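Asker: Residues in the sequence shown are numbered from 120 upward in steps of one, following my numbering. For glycine and all other residues, C-beta sits at the position ideal for the given N, C-alpha and C. Just so you know, these numbers come straight off a predicted model, no measurement behind them. Before we start, here is the structure in question, set down as structure tokens.
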Amino acid sequence: MSNLLEHARESRYGFFINNQFIDASSRNSLTSINPANGQPWYEISDANEQDIEHAVNAARQALTKPDWADITQTSRGKFLRRIGDLIGEHGERLAEIETRDNGKLIREMQAQMASLPETYYYYAGMADKITGETIPVNKSNVFNFTLREPVGVVGIIVPWNSPLYLLSNALAPSLAVGNTVVIKPAENTSASALEFAALIREAGLPPGVVNVVTGLGETAGEALSRHPGMNKIAFTGGTDTGRKVATNAAANLVPCTMELGGKSPHVVFEDADPERAANGIVAGVFAAGGQTCIAGSRCFLQETIYDHVLKNLGEKAENVIIGDPMNNATQLGPLALKEQMEKVMSYIDIGISDGGVIHSGGKRSIDHGRDRGFYVEPTVFTDVTNDMRIARDEIFGPVVAVMPFKDESDLIDKANDTIYGLAAGIWTQDIDRAMRFAKKIDAGTVWINTYRSASFMSPFGGFKQSGYGKHNGYEGIREFSRLKNVVVDYSGKSQDPFIMKLK
Ligand code: NAD
């Protein structure tokens with residue numbers, strides 16, 4: 120296993136700054152635990168303000184150095200292409216690191232690594248197609264145009280559930296535009312970002328363009344988000360943390376993208392294909408142990424098919440194969456952290472005490488030595504009302520609250536009755552109804568007869584307390600660039616010095 124962590128020294132990592140692995144300024148460290156067996160397997164350094172200062176300075180300096188600032192857009196694209204190639208070559212290793220860190224299925228992490236090069240190729244192709252506009256203005260002999268420029272230094276703070284995938288959604292467009300970055304991965308899943316940083320160096324990016332600092336959110340993340348040297352923060356994580364990060368950044372008027380939590384409605388109408396719909400619900404909330412921001416954790420079934428779909432869903436939940444995430448037959452691995460497992464179990468207790476009824480699951484899964492890891496059974500709750508905490512709070516675990524609805528208007532009211540607005544899904548054969556739902560639902564992504572289907576080519580981001588700003592697609596380029604207006608007067612005439620030139 121040790122060759123997984125190529126850049127750790129005696130199972131401990133430093134930071135990656137200016138293309139070097141360097142020691143932290145203090146000896147404070149944090150231990151990463153494999154959630155499948157509860158065993159520690161490496162340590163990361165816990166950055167303090169001095170370390171963050173060092174990383175931000177490196178990024179600021181790299182921003183204006185000719186080896187990055189003055190290269191052609193096509194050259195930037197070539198760097199991105201090379202990064203994509205290197206992820207392809209090291210994908211198996213990176214996937215295994217992530218599974219050992221966050222407990223998600225090795226098949227899922229391999230699929231993410233297999234698709235990740237495409238993200239870099241996509242933005243590689245875009246790097247030399249980023250254009251401004253020529254805009255006519257009501258003045259003769261004036262040429263007026265816009266330039267799309269890098270914003271500057273981008274701070275990328277990401278959670279543990281899909282570390283490199285989420286990081287890349289912000290990193291690839293940032294590099295395509297010509298920014299420099301400081302990355303702060305989650306404290307329990309930092310190894311893949313550090314190993315990936317070494318690939319970035321191998322791809323030939325100049326020192327300081329990409330830097331990785333690790334450590335606790337409340338210290339390292341906080342210091343990064345409040346640093347006046349930042350020009351943009353791309354934050355992915357919980358809504359409460361996002362609020363703190365946005366507040367810190369606002370003190371310096373630094374703009375953010377906020378990719379936050381969700382409590383997504385997943386709807387089945389009576390005319391849906393029941394088998395496909397039940398599979399969709401399973402995919403929406405039990406895949407990845409429900410540890411996805413887009414989890415379809417509020418499931419609305421039309422009254423007329425409620426019993427039938429619930430029975431099908433319950434059977435599927437009971438037959439989910441729980442086990443070691445490294446095993447290809449496993450369908451549900453452990454939750455990423457002991458604290459996460461405890462949080463999920465406490466929500467199951469809250470659901471029961473609030474009057475919910477467990478239709479299936481509801482316990483930790485402890486057979487076959489799983490008691491050493493952080494496993495929870497796929498859990499289906501019935502008798503839930505929309506005001507209960509299990510229907511309102513993001514649980515981030517394999518727990519679905521099933522609720523009946525009468526008709527379309529009843530559904531829309533219930534589905535939109537949430538502080539979140541990240542995603543929504545609907546199963547129906549009636550295209551008119553599906554389109555009405557898509558229009559009326561307050562969610563950044565709407566899936567019709569599918570769920571958890573994502574693409575780096577298409578904008579992603581939530582509404583309401585699920586955040587703001589978009590990653591992916593051309594929107595990624597807009598988010599990580601700034602627009603400058605340039606006005607050229609070629610009249611040769613001098614102007615009235617005391618009046619603004621409006622004509
Ligand atoms: P989290 O908010 O606890 O942590 C996310 C990151 O923020 C980590 O790197 C953490 O160290 C850092 N952090 C924590 N406190 C901080 C602070 N005060 N200042 C700066 N940084 C700080 O989230 P988590 O538990 O790691 O991840 C789960 C959450 O992420 C869920 O709410 C989930 O919905 C959300 N998420 C959202 C998306 C999306 O695209 N919308 C994607 C994945 C996960």
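Within this structure, are the beta carbons of residue 586 and residue 379 separated by less than 9 Å?
Answerer: A contact, by the Cβ cut-off of 9 Å.
Asker: If you check the beta carbons only, do residue 476 and residue 502 fall under 9 Å apart?
Answerer: Cβ atoms of residue 476 and residue 502: closer than 9 Å.
Asker: Between which residues of its own chain and residue 61 is the CB-CB distance below 7 Å, once the five residues before and five after are set aside?
Answerer: The requested residue 61 does not occur in the structure, where the chain is confined to residues 120 to 622.
Asker: Among 340, 256, 235, which has the Cα closest to the Cα of residue 620?
Answerer: With distances taken between Cα atoms, residue 620 lies closest to 256.
Asker: For the beta strand (DSSP E) containing residue 160, name the first residue and the last one.
Answerer: Residues 158-164.
Asker: Decide if residue 486 is buried, meaning its Cβ has at least 16 other Cβ atoms within 10 Å, or exposed.
Answerer: Its Cβ having fewer than 16 others within 10 Å, residue 486 is exposed.
Asker: Which residue comes first and which comes last in the beta strand (DSSP E) that contains residue 268?
Answerer: Taken as a continuous stretch (DSSP letters only), the beta strand (DSSP E) holding residue 268 covers 261-269.
Asker: Rank 410, 151, 176 by C-alpha distance to the C-alpha of residue 164 and give the top, closest one.
Answerer: Minimum Cα distance to residue 164 is reached at 151.
Asker: Check residue 608 in the structure and name its three-state DSSP category.
Answerer: Strand.
Asker: For residue 523, which residues does DSSP report across the bridge?
Answerer: For residue 523, which the question treats as bridged, DSSP gives the partners 420.
Asker: Please identify the residue among 549, 539, 250 whose C-alpha is closest to the C-alpha of residue 417.
Answerer: Nearest of 549, 539, 250 to residue 417, Cα basis: 539.
Asker: Taking the beta carbon of residue 613 as the centre, do at least 16 other beta carbons fall within 10 Å, making it buried, or is it exposed?
Answerer: Label assigned to residue 613: exposed.
Asker: Beta carbon of residue 280, beta carbon of residue 301: below 9 Å?
Answerer: No, Cβ-Cβ distance for residue 280 and residue 301 is not below 9 Å.
Asker: Using the Cβ count rule (16 or more neighbours within 10 Å means buried), how would you classify residue 285?
Answerer: Residue 285 is buried by the Cβ-count criterion.
Asker: In the DSSP assignment, the beta strand (DSSP E) including residue 407 goes from what residue to what residue?
Answerer: Here residue 407 belongs to no beta strand (DSSP E), and DSSP marks it neither H nor E.
Asker: Name the DSSP bridge partner or partners of residue 149?
Answerer: BP columns for residue 149 point to 163.
Asker: I'd like to confirm something about residue 561: is its beta-carbon nearer than 8 Å to some heavy atom of the ligand NAD, or not?
Answerer: Answer for residue 561: no, Cβ out of range of the ligand NAD.
Asker: Threshold first: 3 residues or longer. Then list the beta strand (DSSP E) segments lying entirely within the stretch 335-415, N to C.
Answerer: Correct list: 351-355, 375-378, 384-387.
Asker: Say yes only if the C-beta of residue 223 is nearer than 8 Å to one or more non-hydrogen atoms of the ligand NAD, and no if none qualify.
Answerer: Incorrect: residue 223 has no Cβ contact closer than 8 Å to the ligand NAD.
Asker: Apart from the five residues just before and just after residue 211, which ones in its own chain have a Cβ nearer than 8 Å to its Cβ?
Answerer: Here the set comprises 229, 232.
Asker: Assuming contact is defined by CB atoms lying nearer than 9 Å, are residue 564 and residue 543 in contact in what I supplied?
Answerer: Yes. Within cutoff.
Asker: Just checking residue 236 against the ligand NAD - is the residue's beta carbon closer than 8 Å to any of the ligand's heavy atoms?
Answerer: No, the Cβ of residue 236 stays beyond 8 Å of every heavy atom of the ligand NAD.
Asker: Here's the rule: buried if 16 or more other CB atoms are within 10 angstroms of the residue's CB, otherwise exposed. What is residue 589?
Answerer: Per the 10 Å Cβ criterion, buried.
Asker: Within 10 Å of its beta-carbon, does residue 310 have 16 or more other beta-carbons around it, so buried, or fewer, so exposed?
Answerer: That one is buried.
Asker: Run through DSSP, which three-state label would residue 583 get?
Answerer: In this structure, residue 583 counts as strand in the three-state DSSP scheme.
Asker: Determine whether the beta carbon atoms of residue 497 and residue 154 lie at a separation below 9 Å.
Answerer: Taking 9 Å as the Cβ cut-off, residue 497 and residue 154 do not qualify as a contacting pair.
Asker: Indicate, with yes or no, if the ligand NAD has a heavy atom lying under 8 Å from the CB of residue 281.
Answerer: Answer for residue 281: yes, Cβ within range of the ligand NAD.
Asker: When you measure from the CB of residue 480 to every non-hydrogen atom of the ligand NAD, does any distance come out below 8 Å?
Answerer: Outside the cutoff, so no.
Asker: Just list the residues that DSSP pairs residue 330 with in beta bridges.
Answerer: Partner(s): 301.
Asker: Mind checking which residues open and close the alpha helix (DSSP H) that includes residue 588?
Answerer: No alpha helix (DSSP H) contains residue 588, which DSSP labels as neither H nor E.
Asker: Is residue 292 near the ligand NAD, with its Cβ less than 8 Å from a heavy atom?
Answerer: Flag unset: Cβ of residue 292 not near the ligand NAD.
Asker: Does DSSP classify residue 543 as helix, strand or coil?
Answerer: Residue 543 falls in the strand class under three-state DSSP.
Asker: Answer yes if the stretch 549-567 comes into contact with the stretch 512-524, meaning at least three C-beta pairs across the two stretches below 8 Å, and no otherwise.
Answerer: The stretch 512-524, when compared against the stretch 549-567, does not touch it at the 8 Å Cβ threshold.
Asker: How many angstroms separate the CA atom of residue 341 from the CA atom of residue 143?
Answerer: About 17 Å.
Asker: Express the C-alpha separation of residue 571 and residue 251 in angstroms, rounding to a whole number.
Answerer: Their Cα atoms are separated by approximately 34 Å.
Asker: Specify the secondary structure class of residue 187 as computed by DSSP and reduced to three states.
Answerer: Residue state, collapsed to three classes: helix.
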